[in-house]
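One structure is given below, encoded as structure tokens.
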Ligand code: NOJ
Ligand code: NOJ
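In my numbering, the protein residues as written are 4 to 431.
Set out below in structure tokens:
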């Protein structure tokens, strides 16, 4: 019976296995979740799903990641085009909504999520989650930098980085600079401790923040941000386990960490993708590659669908994960983590090609990246919509539908794919 069911799945899925992902479709899916009808302008829902699981909230983390994709689109689109104006409006509304979020929670900037009308979620939850303000700042700074290049510095000074009144970017940066060493919950909202992912994005926010502060003539703040980022860089070294040969995800765990004894987690790879500053633990750091290889070998044997279809490995959050979206009866591979593997391998392919390393390695990385992309496409719904997880037994999409973060992850993986094509062809 199980076999028959699987053969059926195989034939259904194969029907669209030869297509490619469409960038335009991913962007439309993403934008559908920004200021949806009934929500405040500027709110980004994590997913339209309102039960099993209920993701109809503005998560600071997911919102920051989604709007980073929009800030990229804004930077890429041509002046005065209709699309550019639309992205401007979305970013402006997101900035206003974010500033209201900050006011709502006062000094508790690590509050993880808000109702779509802007009220803070006050039920029991893993809080604080201090990666949120960092991701929000990275996105806002990215947009501010583009605006300055375009000659819109006045707009930035008035709305995003104001010297006279509290404004969205400095409020986050001051919080990060003062509180980065506080323990908090991790990006999966499960463990209290000090996390590699959180530190990586905090450091990046401070580095980018220092550059922006300098550009605007705020030297004292720039010095403060740089000094704290330097401290983070030194502290980061403790995440490397020479003995185990991979980067640890959490240190000083305050909760029961027995459920993740190996401390091996795809969060580390996401940390490199969202927080690379070219310092330690950047893409080019061999310790990242070592961690990647170790993670993949763990996941390869974990999920039935990895045996069944000879595609790139479907990747989960961490091997011991039990969260299925509605219960804790078994974890699945996730779309955004599998896409993270695609993206990082495309980036490694480019990095190796640009730094004159053997071309065979670049090509091999690119092939690997393609495998992860094909894996996700294979399990996607026929309309290329993507839920949070891929059911490990059947390959069908499961948990929250149309997860916003997935589309941001897909767009950045596709951009890395395109760049790697250019870099590898140049070297031929
Ligand atoms: C919901 C969180 O979003 C998810 O990441 C986590 O696994 C469960 N709660 C359990 O804490
Ligand atoms: C659960 C994930 O673990 C967490 O990272 C995310 O922020 C929420 N879902 C919302 O998508």
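Using N, Cα and C, we set each Cβ at its ideal position, and we do this for glycine too.
Query	Result
Between residue 58 and ligand 2, is the CB less than 7 angstroms from at least one heavy atom?	yes
Under DSSP, the alpha helix (DSSP H) around residue 362 begins and ends at which residues?	362-382
In chain order, what residues of the same chain lie with their CB nearer than 7 angstroms to the CB of residue 287, ignoring the 5 residues before and after it?	354
For residue 287, would you say it is in contact with chain C, using Cβ-to-Cβ distances shorter than 8 angstroms as the test?	The chain inventory of the structure shown lacks chain C, comprising one protein chain alone.
Closest by CA to residue 323, which one among 304, 221, 311?	304
What distance in whole Å lies between the Cβ atoms of residue 193 and residue 129, which are believed to be in contact at a cut-off of 8 angstroms?	6 angstroms
Going by other Cβ atoms of all chains shown within 10 Å of its Cβ, with 16 needed for buried, is residue 341 buried or exposed?	buried
Beta-carbon within less than 6 angstroms of residue 131's beta-carbon, same chain only, minus the 5 sequence neighbours each way: which residues are those?	113, 187
Between the segment 411-418 and the segment 70-77, are three or more C-beta pairs nearer than 8 angstroms?	yes
Given 8 angstroms as the limit, is there contact between the segment 160-178 and the segment 305-320, that is, 3 or more CB pairs closer than that?	no
For ligand 1, which residues have a Cβ under 6 angstroms from at least one heavy atom, in chain order?	191, 192, 193, 326
Extract the residue ranges of the alpha helix (DSSP H) inside the segment 227-256, only unbroken runs of 4 or more that lie entirely within it.	none
In the DSSP assignment, the alpha helix (DSSP H) including residue 197 goes from what residue to what residue?	Run containing residue 197: none in the alpha helix (DSSP H); it sits in the beta strand (DSSP E), 195-198.
With hydrogens ignored, establish whether the beta-carbon of residue 49 is closer than 7 angstroms to any heavy atom of ligand 2.	yes
Just curious, the alpha helix (DSSP H) that residue 105 is in, first and last residue?	85-108
Residue 65: beta carbon under 7 angstroms from a heavy atom of ligand 2?	yes
When DSSP builds the beta bridges, which residues end up paired with residue 344?	According to DSSP, which records beta bridges pairwise, residue 344 is partnered with nothing at all.
Cutting at 7 angstroms between CB atoms, please list the residues of its own chain near residue 241, excluding the five before and the five after it.	254
The alpha helix (DSSP H) spanning residue 300 covers which residue range?	289-303
So does residue 33 have its beta carbon nearer than 7 angstroms to some heavy atom of ligand 2?	no
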